[in-house]
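Working notes, beginning with the structure itself.
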């Protein structure tokens, strides 16, 4: 409840402000504009399987099937840069350095006094008059801390860095959403397939770029679902990402490029994994990529949850409402039936949903990196204000949560009182 006002302050929800949604923020949020009848059939299949429909999965009731929501404005992605950075770009107190690599936080004793960065082959320093705010993301924020001597002393010594602050939690607790594909060939061709014909695709792209309208501005999806693999769970543990086209969809034209086989599917996403990974330095070189150990499927809970997500997806896809559209199952495929076969399929094909977080977790325990005000423990004048600060994964995509953290972080830096709940 304390964070809801900051979520609301971020967004302008196209259906207007209410108790759960914002109506005057910089981030535009809209319902999907996709009109493929496939998604009406999916909804009918969900009703057959006795799953509820939710009017707004980002509102009062998350559980159920609901229309996809996108951060789109005038036909284009409304990113954090579009919503927040671009309007501030002309401020005299803002300088954006491009093609630059942050190399370390400058420490004087136990206080952060600036940031060192490399640009065009030279090292530069950006001094801080008040605080240093890290927003490098879930991989680069812990990397910067460790390069600065803040982290687990034994690991820092291994890569030739002198420990300055003993903070073993830096880089630990890595969490991410894991997903797999439940996919079917499509009987006939859907509307997206027709719009991918080369001449139409070119026209659609031009129309989208210049006017912000037309099929080129519409993703081939219209549904999300948040479901429980066990009805006794307090919150959903599986998210379904629906797709009305195959990943290998491409422009085609008769006699030049063969058309692709049309298909559709859903991806079960495990929302609350128990498995934890770690981010570590490979060396003391700031330009060297970090070592990322995701450690997916390390517990029986995680293996069971994603397996049950596959079974749920198959069950809904098998309903009569989809009989006229559903062809053969292409993934996992007819030879994958037993629990052991599904588990092997998951381990072979699962991919991240690209929601990593929690490598500089905030909290009150000794193993946390940040205190509840996002301040790095043991260092004055240093905060982290990105996905690394999250203590745990949220029940869905993390985009809005990261922006909320930044909104709250801004108020903390300015010393403002919390927004009223």
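In our numbering, the protein residues as written are 2 to 422.
Ideal Cβ positions, reconstructed from N, Cα and C, are used throughout, including at glycine.
Model, not experiment: these values are computed from the prediction.
Item to complete: Taking the CB atoms as reference points, tell me whether residue 287 and residue 144 lie closer together than 9 Å.
Response: yes
Worksheet item: On the premise that residue 219 lies in contact with residue 35, defined as a C-beta separation below 8 Å, what is that separation, rounded to the nearest angstrom?
Response: 5 Å
Worksheet item: If you compare alpha carbons, which of 82, 20 and 48 is closest to residue 57?
Response: 20
Discussion item. If the criterion is Cβ atoms closer than 9 Å, does the pair residue 268 and residue 299 meet it?
Written reply: no
Item to complete: Pull up the distance between the alpha-carbon of residue 191 and that of residue 266, whole angstroms please.
Response: 13 Å
Practice prompt. Verify whether the separation of the beta carbon atoms of residue 1 and residue 358 is less than 9 Å.
Written response: Residue coverage of the chain in this structure runs from 2 to 422, which leaves residue 1 outside it and unanswerable.
Discussion item. Please return the same chain residues whose Cβ sits closer than 8 Å to the Cβ of residue 195, not counting the five positions on each side in sequence.
Written reply: 201
Worksheet entry | Contiguous beta strand (DSSP E) assignments of at least 3 residues, all confined to the stretch 53–95 | 65–68
Fill in: Segment contact, 8 Å Cβ cut-off, at least three pairs: the stretch 172–190 with the stretch 289–297
yes
Discussion item. Once DSSP output is grouped into helix, strand and coil, what is the label at residue 156?
Written reply: helix
Worksheet entry | Rounded distance between the beta-carbons of residue 229 and residue 64, thought under 8 Å | 7 Å
Discussion item. With the cut-off set at 9 Å, would you say residue 115 and residue 129 are in Cβ contact?
Written reply: yes
Worksheet item: Per DSSP, residue 271 is paired with what?
Response: 179 and 239
Worksheet item: What three-state label does DSSP hand residue 167 in the structure shown?
Response: strand
Worksheet item: Since residue 264 contacts residue 184 with CB under 8 Å, what's their CB separation in whole angstroms?
Response: 6 Å
Discussion item. With distance defined between alpha-carbon atoms, name the residue in 416, 421 and 408 nearest to residue 86.
Written reply: 408
Discussion item. I'd like the list of long-range same chain contacts for residue 209, defined as Cβ closer than 7 Å, with 5 residues on each side in sequence excluded.
Written reply: 76, 215, 217 and 218
Worksheet item: What did DSSP end up calling residue 427 once you bin it into helix, strand or coil?
Response: With the chain running from 2 to 422 in the structure shown, residue 427 is simply not present.
Worksheet item: Do you know whose CA, among 239, 207, 136 and 157, lies nearest residue 180's CA?
Response: 239
Worksheet item: So the beta strand (DSSP E) residue 335 belongs to, where does it begin and stop?
Response: That residue, residue 335, is in no beta strand (DSSP E); it is neither H nor E in DSSP.
Worksheet item: Excluding the five sequence neighbours on either side, which residues of its own chain have a C-beta within less than 8 Å of the C-beta of residue 420, listed in chain order?
Response: 6, 7, 10 and 412
Worksheet item: Just checking, does the stretch 39–58 make contact with the stretch 320–333 on the three C-beta pairs under 8 Å criterion?
Response: yes
Worksheet item: Which runs of the beta strand (DSSP E) fall wholly inside the stretch 184–231 and span at least 3 residues, in chain order?
Response: 224–228
Worksheet item: Since residue 131 and residue 410 are thought to touch, with beta carbons under 8 Å apart, how far apart are those beta carbons, to the nearest angstrom?
Response: Contact doesn't hold; Cβ gap of about 13 Å is too wide.
Worksheet item: Per DSSP, residue 358 is paired with what?
Response: 176
Discussion item. Can you give me the C-alpha to C-alpha distance between residue 61 and residue 242, rounded to a whole angstrom?
Written reply: 20 Å
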